[in-house]
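Please read the structure below before turning to the comments.
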Amino acid sequence: MTARRRNIWCSGLFALMSAATVTSAPPAFADAPTHVGAARLEASSFGALAGWAADDHGAAFRAFRRTCEAIVAGRAALRRGLAASQRLQAVCRAAVTLPAAPDAATARAFFERHFMPHAVVLPDGEGFLTGYYEPEFDGALARTDRFSAPLLARPEDLVTLKPGESLPGLDPTLTGARLGPRGYEPYPDRAAIEDGALGEKANPLVYLDPIEAFLAHVQGSVRVRLPDGRRLRFAYDGRNGQPYASVGRLVAEETGLPPAELTTDRLVAWLRAHPADARRLMRQNRSYIFFRRADELRPEHGPLGAAAVQLVPGRSIAVDRTLWPYALPFWIEAELPEPDAGTATLRRLMIAQDTGSAILGPARADIFFGSGPEAGLRAGLVRHPGRFVVLLPRDPGEGGRER
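The sequence shown lines up with residues -30 to -1, 1 to 373 when you count with mature numbering (1 follows the signal peptide of the UniProt record, and there is no 0).
Spelled out as structure tokens, the structure:
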């Protein structure tokens, strides 16, 4: 999720309503768009989706319904990103009346009745896929020689801006600020925070190995194993609003290694072998993530996504929240690498449940692979093209006929 992912609403925003340029609610997604961003949407049919009949529609529906519960309750649409269209809200209301785990045939019929596939066609080239996961690391509640990097709680003075909001005198590309003696100012960047810029406002929650703490920032969530055997979960609770820079890209530029060959394992190995350079390059990522303990999350499910629901491995994707509302289903086709150096064909219905500052464009998605080392290995291999088909809610008057 993502220093690139989850962006959540904060109570501090209410303090700047008089100073910020704001809207009362996020704009709603159009019911029947023909273009999204630079992409053209071409109407298709479920029969044209290779592999559609073989997918596990029940698994996709469970993820979809979970997001719909948040939308119907107002947890997702009112807080961040584009609001769901009237048609999508109506479909969500229908979804929550069904059992949480319907059989595959019922789930497939639901999607075919309520949605119409539209290919997301870019002016040139295909869409692009990456992967992310929830890491699990050893850590401690007190600083040690091994665990010296803290994960910090959200400071009380951090103000988070929603898309389209701005503050007088603040760079419009920044999404975070704090109130200083002369008005609102940029929040300190990663290097400044690591050097103590927050002072007494820095509240450590847990301590990790420095490189693993950085990876927790990139993924936006983490499970931590304590020396006494306990396992704690920490979820995204805001970011400083500074720009994100990929340390993988920086290492590739410095070493000349092709970015596609810099899997997570190879990147971590390089960072550990070059500690001084690692610290210098990691600090070039000015974005900084704040966390909270997430004891309420069910351990068998994934971390909390930006749509205010726990993510589902292999079904949840992060999308550009300025272009797509949460809960929209996407049919994605790609050839993705396997850990054994082979490839596997992906043809799967996935649900928009998350976002990230590096996830930009109408045919761009980050696939959630799950939690732990194996999920991290699989996620770290993915930097591949893919075909995107968005399922747009039908006009209720269409009757849900296959076309």
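Ideal Cβ positions, reconstructed from N, Cα and C, are used throughout, including at glycine.
message = Determine whether the beta carbon atoms of residue 57 and residue 363 lie at a separation below 8 Å.
response = yes
ask   = With distances taken between CB atoms, is the gap from residue 16 to residue 82 smaller than 8 Å?
value = yes
request  = Could you pull out every residue in the same chain whose Cβ sits closer than 6 Å to the Cβ of residue 359, ignoring the five residues on either side in sequence?
outcome  = 87, 89, 301
ask   = Does the separation of the CB atoms of residue 248 and residue 181 fall below 8 Å?
value = yes
ask   = Distance, Cα to Cα, residue 106 vs residue 192?
value = 6 Å
Coil, strand or helix - residue 179 by DSSP = coil
message = DSSP three-state label for residue 22, please.
response = helix
ask   = Near residue 140, what residues of its chain come up, given a Cβ to Cβ distance below 8 Å and the 5 sequence neighbours on each side ignored?
value = 147, 154, 155, 156
query = Where does residue -10 fall in DSSP's three states?
reply = Confidence is the limiting factor: at residue -10 the pLDDT is only 35, short of 50, which leaves the residue's position unreliable, though a coordinate-based value still follows. The answer is strand: DSSP assigns residue -10 an E or B state.
message = Whether or not the segment 112 to 131 and the segment 167 to 183 are in contact is what I'm after, with contact meaning three or more pairs of Cβ atoms, one per stretch, closer than 8 Å; do they touch?
response = yes
ask   = Going along the chain, which residues of its own chain have a beta-carbon closer than 8 Å to the beta-carbon of residue 4, five neighbours each way excluded?
value = 10, 11
inquiry  = Using a Cβ-Cβ cutoff of less than 7 Å, which residues in the same chain neighbour residue 271 once the five nearest sequence positions on both sides are dropped?
reply    = 280
request  = Would you mind working out which of 342, 348, 331, 327 sits nearest residue 313, comparing C-alpha positions?
outcome  = 348
message = So, for residue 264: in the same chain, excluding its five sequence neighbours on each side, which residues have a beta-carbon less than 7 Å away from its beta-carbon?
response = 203, 204, 205, 274
ask   = Which of the three DSSP states, helix, strand or coil, is assigned to residue 300?
value = strand
Residue from 257, 73, 187 with nearest C-alpha to residue 162 = 257
ask   = Any idea if residue 150 is buried or exposed, counting beta-carbon neighbours within 10 angstroms, 16 or more meaning buried?
value = exposed
ask   = Which parts of the segment 162 to 228 are runs of the alpha helix (DSSP H), unbroken and 4 residues or longer, counting only runs that do not cross its ends?
value = 180 to 189, 217 to 225
Secondary structure of residue 271, DSSP reduced to three states = coil
key: Boundaries (first-last residue) of the alpha helix (DSSP H) holding residue 238   = 234 to 243
query = For the candidate residues 96, 85, 196, 282, whose alpha-carbon lies nearest to that of residue 2?
reply = 85
inquiry  = What residue range does the beta strand (DSSP E) around residue 376 cover?
reply    = Outside the modelled stretch of the chain, which goes from -30 to 373, sits residue 376, for which no answer is possible.
inquiry  = By DSSP's criteria, residue 56 is part of a beta bridge. Which residues make up the other side?
reply    = Bridge partners of residue 56: none, in fact.
request  = Give the DSSP bridge partners of residue 281, in chain order.
outcome  = Bridge partners of residue 281: none, in fact.
Nearest residue (CA-CA) to residue 318, options 168, 31, 236 = 31
query = What are the residues that DSSP puts in a beta bridge with residue 263?
reply = 204
message = Please tell me whether residue 210 and residue 159 are closer than 8 Å, where the distance is taken between their beta carbons.
response = yes
query = When the Cα of residue 108 is compared with those of 253, 129, 194, which residue comes out closest?
reply = 194
task = Give me the Cα-Cα distance between residue 77 and residue 212, rounded to the nearest whole angstrom.
result = 42 Å
query = Apart from the five residues on each side of it in sequence, which residues of its chain come closer than 7 Å, Cβ to Cβ, to residue 70?
reply = 32, 35
ask   = Between which two residues does the beta strand (DSSP E) containing residue 339 stretch?
value = 334 to 341
ask   = In three-state DSSP terms, what is residue -19?
value = Any reading at residue -19 must be qualified, since the residue scores a pLDDT of 29, below 50, and its modelled position is unreliable; no value is offered.
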